[in-house]
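Q: For the protein sequence lines, the chains are A and B, in the order given.
Just so you know, we're using the numbering used here here: the first sequence kicks off at -2 and counts up by one.
Just so you know, we're using the numbering used here here: the second sequence kicks off at -2 and counts up by one.
Protein chains: 2
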Amino acid sequence: MKMKNILVIGGDGFCGWPTALHLSNLGHKVSIVDNFARREIDIELGANSLTPICSMKERLQAWKEETGKIIAFDEIDVATDYDQLEKLLASLKPDTIIHFGEQRAAPYSMKGSYEKCYTVENNISATHNILAAITHLKLDSHVVHLGTMGVYGYDDDGIEIPEGYLKVYIPGDDKQIYPRDILYPTNPGSVYHMTKSMDQLLFQFYAKNDRLRITDLHQGIVWGTQTAETKLDDRLINRFDYDGDYGTVLNRFLMQAAIGHPLTVHGTGGQTRAFIHIQDTVQCLALAVENPPERNGKVKILNQMTETHTVRDLANIVSKITDALIANVDNPRNEAAENGLRVCNKTFISLGLKPITLEEGLMDETQEIAMRFAKRCQVNMIPCVSTWTENQRPGLVQKPLAA
Amino acid sequence: MKMKNILVIGGDGFCGWPTALHLSNLGHKVSIVDNFARREIDIELGANSLTPICSMKERLQAWKEETGKIIAFDEIDVATDYDQLEKLLASLKPDTIIHFGEQRAAPYSMKGSYEKCYTVENNISATHNILAAITHLKLDSHVVHLGTMGVYGYDDDGIEIPEGYLKVYIPGDDKQIYPRDILYPTNPGSVYHMTKSMDQLLFQFYAKNDRLRITDLHQGIVWGTQTAETKLDDRLINRFDYDGDYGTVLNRFLMQAAIGHPLTVHGTGGQTRAFIHIQDTVQCLALAVENPPERNGKVKILNQMTETHTVRDLANIVSKITDALIANVDNPRNEAAENGLRVCNKTFISLGLKPITLEEGLMDETQEIAMRFAKRCQVNMIPCVSTWTENQRPGLVQKPLAA
């Protein structure tokens, strides 16, 4: 394997941090950029990571002590400071730029006008600034972007979701049938997911017009907290979000189970979603870095997920392990009550990904994270109080849980 | 016809100003918002409108003197000042918001990183702020947005371009065929056109999630300068751009003819484009205002164009009228040398639009605008010096014309 010079934008976050460590461990030269927006939003929301995460300085020091490897760090807001970004790229000339620098919580993106506008401006400008700077500097950098399965929407109509592109047939007015390979028509379910759909158009244009090499990873919901690298030292621990905005469904179930509260299922729990363990995420990122697309005008799109479950099934699995009860509450999202989901993920499997399944990994997660740090839990932060439409406001959809 | 309360965002611009006057003339209550970005870019580029345009204050005073009608004005940058926009909408509660508030020149959007980032940030934030504010305030406002034919791209493959949506057939993995009505897959040719494609995703989401009523007008290249209303008084005159960034192909031909220079055709001139006269544009806007979509979760998309021509044909038409010579120069754009284009525009025709054709209107335009104001022309501003890729820089694609 050839050592690459890799810049991880958003390298302080839940996916970015373990990815940076994993790539560093593999022998790549890794630099991190972050603006600490995720930590600031914790302060804004009064939320916290269940796991006690260290400062970037302590994290990098611990990594150096454990492995002898050095990761560089620059605090830059790539969405608002194009000039600093361009300057860094000009000096670094990275082989690969991994772009995690986006606001990534759907509920947060739906809270109100401020959060909607922030999510759109931050995510679109971050992505576009990176593409414009690479183009201007004529860099050879391969961009690897973390997208989401959510851009596809959750229509259940007998079609397996392909990897980004859909083969369709168009009847011409000359009675001929014209086959075309199009970007899968997106149907995002939140402002956050919408920004990832818009990112796709940015990638499509810069791949076509400027022949940039871009890989877009449409990721499922990530579960798990630790990777081989973050387990090396407590100071390297990854974040675990359980609040109503940033905590994904599985984390909130584990947290509820750990504090002896019923698992709150939104609606019927018939929503099917795609999942992947954080350890598999960092493996996928390494595989994406090693397998850039040709400079052929087309974005490489991969589905980064390993299994699908309904929310109801998840609750049952967690309940089986923990003996927690299950309670159904109103669904704050504007979505179908029930949907099927079949997803093609053959590229990563063919590249050698060996998935960790929920059934095998969930017990560890429960004991090593949720139970171990349960005393740090702010119980009132668990319910989702962001709603999808103005008619659901004001007031909470779900009552906060009693402490 | 019921009088409506209409806000025209970008009402100082080339399409916005005559639209505001036309709607005011029809008896609607009209308010204008503008940030004068277009006038500032003139200063930045050292360009000017061939026609001497008055200040907004003089324009509104002249309108009042000529017609007795009052148009309100607020200077707000809707892309960067969400709070001011929300405040204005809360007090105005418009029935209709016409959104022209975007940077609209493809060559300008390709000049360099600054112009690319500005175009993306301005256009996306302007559109999104409007949608977020309407949603937050629970207004009933119908949004009418000026999009572009350019979002469709110019693939020539036997399919007439429909009005926004494309009927396709998808083969399922269960051997069934699934018909779907999808947003026409976009293939924008510049950063500017890309922002209009991204706007479509914003509209799709807010129509679906918040049931906003939105009409998106995919407009062809506008030609002509004056409308019935802007002709009423010299102080009401509309702008005429002939510079390489903002001047569209026909204006630059007319300008070249007026100063005795050969008409410069980019490449072979085999590019087919859609056109519409500014007088027809304002009629289309009035028709769109009168015919809002249902609150059915779907954006209403109309093609706002009346005829198609190749650039070569245009040059021949202008040459026939003016005796100008024709010269072929390099094409700065990254596009096919030749393409066909057939466009469905049946909705506006069925609503009563009676198009002004190039053949009948071009002589007036030549005499009343290009010849009359030829002495104000800055000859060195006519060539397009913006290029589509970094490999074409630095240096000019076309030599500036000798004065």
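Where a beta carbon is used, it is the ideal one built from N, C-alpha and C, also for glycine.
My output table needs one value for PHE33(B): the three-state DSSP class, helix, strand or coil.
A: Taking the first residue of the second sequence as 1, we reach residue 33(B) at position 36. It is coil, neither helix nor strand.
Q: Once DSSP output is grouped into helix, strand and coil, what is the label at PHE97(A)?
A: Within the first sequence, the letter at position 100 stands for residue 97(A). Three-state result, PHE97(A): coil.
Q: Which residues in chain A have a C-beta closer than 9 Å to the C-beta of ALA87(B)? List them in chain order.
A: Here residue 87(B) refers to the residue found at position 90 when the second sequence is read from its first residue. What ALA87(B) touches in chain A: nothing, since even the nearest Cβ is about 12 Å away.
Q: Using a Cβ-Cβ cut-off of less than 9 Å, give me the residues of the region 156 to 179 of chain B that come near chain A, in sequence order.
A: Cβ contacts with chain A: ILE156, GLU157, LEU163, LYS164, VAL165, TYR166, ILE167, PRO168, GLY169, ASP170, ASP171, GLN173, ILE174, TYR175, ARG177, ILE179.
Q: Go to GLY267(B), then tell me how far its beta strand (DSSP E) extends in each direction, as first and last residue.
A: Translated into the one-based positions of the second sequence, residue 267(B) becomes position 270. From DSSP, GLY267(B) is part of no beta strand (DSSP E); its letter is neither H nor E.
Q: Per DSSP, what kind of secondary structure is ASN2(A) in: helix, strand or coil?
A: On the first sequence, position 5 is the one that residue 2(A) refers to. In the structure shown, ASN2(A) sits in a strand (DSSP, three-state: E or B).
Q: The beta strand (DSSP E) spanning GLY13(A) covers which residue range?
A: Stepping through the first sequence from its first residue, residue 13(A) is reached at position 16. Looking at the DSSP string, GLY13(A) is not in any beta strand (DSSP E); the run it does join, the alpha helix (DSSP H), is 13 to 22.
Q: Given ALA312(B), which residues of its chain have a CB within under 7 Å of its CB, disregarding the five upstream and five downstream residues?
A: Counting from 1 along the second sequence, the entry for residue 312(B) is found at position 315. Closer than 7 Å at Cβ, skipping near neighbours: PHE250, LEU260, VAL262, GLY266, ILE323.
Q: Below 6 Å CB to CB, which residues in the same chain sit around LEU393(B) once its five sequence neighbours on both sides are set aside?
A: Position 396 of the second sequence, counted from the first residue, corresponds to residue 393(B). Its pLDDT being 41, under 50, LEU393(B) is placed unreliably in this model, and the coordinates cannot settle the point.
Q: Considering only the alpha carbon of each residue, which of TYR189(B), ARG36(B), ALA69(B), VAL279(B) lies closest to VAL141(B)?
A: Locating residue 141(B) in the second sequence gives position 144, where the first residue counts as 1. Of the candidates TYR189(B), ARG36(B), ALA69(B), VAL279(B), the one whose C-alpha sits nearest the C-alpha of VAL141(B) is VAL279(B).
Q: Determine, for THR245(A), whether the minimum Cβ-Cβ distance to residues of chain B falls below 7 Å.
A: Mapped onto the first sequence, residue 245(A) falls at position 248. Not one chain B Cβ lies under 7 Å of THR245(A).
Q: Looking at the unbroken alpha helix (DSSP H) that takes in ASN126(A), where does it start and where does it end?
A: Taking the first sequence and counting its residues from 1, the one referred to as residue 126(A) is at position 129. Taken as a continuous stretch (DSSP letters only), the alpha helix (DSSP H) holding ASN126(A) covers 110 to 134.
Q: Please identify the residue among ASP137(B), LYS61(B), ALA102(B) whose C-alpha is closest to the C-alpha of LEU89(B).
A: In the second sequence, counting from the first residue as 1, residue 89(B) sits at position 92. For the residues ASP137(B), LYS61(B), ALA102(B), the minimum Cα distance to LEU89(B) belongs to ASP137(B).
Q: Do TYR105(A) and ASP242(A) count as a contact pair if the criterion is CB distance below 7 Å?
A: By 1-based counting over the first sequence, the position of residue 242(A) is 245. By 1-based counting over the first sequence, the position of residue 105(A) is 108. In contact: ASP242(A) and TYR105(A) (Cβ atoms closer than 7 Å).
Q: GLY109(A) touches chain B at which residues, Cβ-Cβ below 9 Å?
A: The sequence position of residue 109(A) within the first sequence is 112, counting from 1. In chain order: ALA129, HIS133.
Q: Report the option in GLY257(B), PHE11(B), TYR151(B), GLY169(B) whose CA atom is closest to the CA atom of GLU335(B).
A: Counting from 1 along the second sequence, the entry for residue 335(B) is found at position 338. Among GLY257(B), PHE11(B), TYR151(B), GLY169(B), the Cα nearest to that of GLU335(B) belongs to TYR151(B).
Q: Please decide whether GLY392(A) counts as near chain B, where near means a Cβ-Cβ distance under 7 Å.
A: In the first sequence, counting from the first residue as 1, residue 392(A) sits at position 395. Its pLDDT being 43, under 50, GLY392(A) is placed unreliably in this model, and the value from its coordinates should be taken loosely. Answer no: the Cβ-Cβ gap between GLY392(A) and chain B never drops below 7 Å.
Q: Could you name the residues of chain A that CYS281(B) contacts, counting a contact when the two beta carbons are closer than 7 Å?
A: Counting from one through the second sequence, the residue named residue 281(B) turns up at place 284. Here the premise fails: no neighbours, minimum Cβ distance about 24 Å.
Q: Give a yes or no on whether 7 Å exceeds the smallest Cβ distance from TYR115(A) to chain B.
A: Translated into the one-based positions of the first sequence, residue 115(A) becomes position 118. Chain B contact via Cβ: absent.
Q: From what residue to what residue does the alpha helix (DSSP H) around PRO104(B) run?
A: Residue mapping note: residue 104(B) aligns to position 107 of the second sequence, counting from 1. Run containing PRO104(B): 103 to 106, per the alpha helix (DSSP H) assignment.
Q: Throw me the rounded Cβ distance for the HIS408(A) and ASN300(A) pair, which I believe falls under 8 Å.
A: Past the edges of chain A, shown from -2 to 400, lies residue 408(A), and the structure says nothing about it.
Q: Within a Cβ cutoff of 7 Å, which residues of the same chain sit near THR145(B), ignoring the five residues on either side of it in sequence?
A: Numbered from its first residue, the second sequence carries residue 145(B) at position 148. Within the same chain, THR145(B) has close Cβ partners HIS190, LYS193, HIS215, GLN216.
Q: Going straight from the alpha carbon of ALA103(A) to that of ASN288(B), what length do you get?
A: What you label residue 103(A) is simply residue 106 of the first sequence in a count that begins at 1. What you label residue 288(B) is simply residue 291 of the second sequence in a count that begins at 1. In a straight line, the C-alpha of ALA103(A) is about 34 Å away from that of ASN288(B).
Q: What's the call for SER187(B), buried or exposed, on a 16-neighbour Cβ count within 10 Å?
A: Taking the first residue of the second sequence as 1, we reach residue 187(B) at position 190. SER187(B) should be labelled buried.
Q: Is the separation between the beta-carbon of LYS415(B) and that of HIS19(B) shorter than 7 Å?
A: With chain B represented from -2 up to 400, any question about residue 415(B) goes unanswered, as that position is not in the structure.
Q: Rounded to a whole number of angstroms, what is the C-alpha to C-alpha distance between ARG101(A) and ILE121(A)?
A: The residue you call residue 101(A) lines up with position 104 of the first sequence. The residue you call residue 121(A) lines up with position 124 of the first sequence. ARG101(A) and ILE121(A): Cα-Cα distance of roughly 12 Å.
Q: Would you say TYR79(A) faces chain B, with C-beta separation under 7 Å as the test?
A: By one-based count along the first sequence, residue 79(A) stands at place 82. So yes, TYR79(A) belongs to the interface.
Q: Here's the rule: buried if 16 or more other CB atoms are within 10 angstroms of the residue's CB, otherwise exposed. What is GLU405(A)?
A: With chain A covering -2 to 400 only, the question about residue 405(A) has no answer from this structure.
Q: I need the straight-line Cα distance from GLY337(A) to ILE346(A), nearest angstrom please.
A: What you label residue 337(A) is simply residue 340 of the first sequence in a count that begins at 1. What you label residue 346(A) is simply residue 349 of the first sequence in a count that begins at 1. Looking at the two C-alpha atoms, the distance is approximately 22 Å.
Q: Please check if any C-beta of chain B sits within less than 7 Å of the C-beta of HIS125(A).
A: On the first sequence, position 128 is the one that residue 125(A) refers to. Interface residue, yes.
Q: Taking the C-alpha atoms as reference points, what is the distance between GLU55(A) and ALA225(A)?
A: Indexing the first sequence from 1 puts residue 55(A) at position 58. Indexing the first sequence from 1 puts residue 225(A) at position 228. The alpha-carbon atoms of GLU55(A) and ALA225(A) are separated by roughly 19 Å.
Q: Using a Cβ cut-off of 7 Å (strictly closer), state whether ASP207(A) contacts chain B.
A: The residue given as residue 207(A) occupies position 210 in the first sequence. Yes, ASP207(A) counts as interfacial toward chain B.
Q: Please report how far the alpha carbon of GLY109(A) lies from the alpha carbon of LEU199(B), in whole angstroms.
A: Mapped onto the first sequence, residue 109(A) falls at position 112. Mapped onto the second sequence, residue 199(B) falls at position 202. Rounded to the nearest angstrom, the two C-alpha atoms are 16 Å apart.
Q: What's the gap between the Cα of VAL75(A) and the Cα of ARG35(A)?
A: Stepping through the first sequence from its first residue, residue 75(A) is reached at position 78. Stepping through the first sequence from its first residue, residue 35(A) is reached at position 38. Cα to Cα, VAL75(A) sits roughly 14 Å from ARG35(A).
Q: Among all the DSSP beta bridges, which residues are the ones paired with TYR181(B)?
A: As a first step, residue 181(B) is located in the second sequence; it is residue number 184 there, counting from the start. According to DSSP, which records beta bridges pairwise, TYR181(B) is partnered with nothing at all.
Q: Which partner residues of HIS142(A) appear in the DSSP bridge assignment?
A: Within the first sequence, the letter at position 145 stands for residue 142(A). For HIS142(A), which the question treats as bridged, DSSP gives the partners HIS96(A), ASP213(A).
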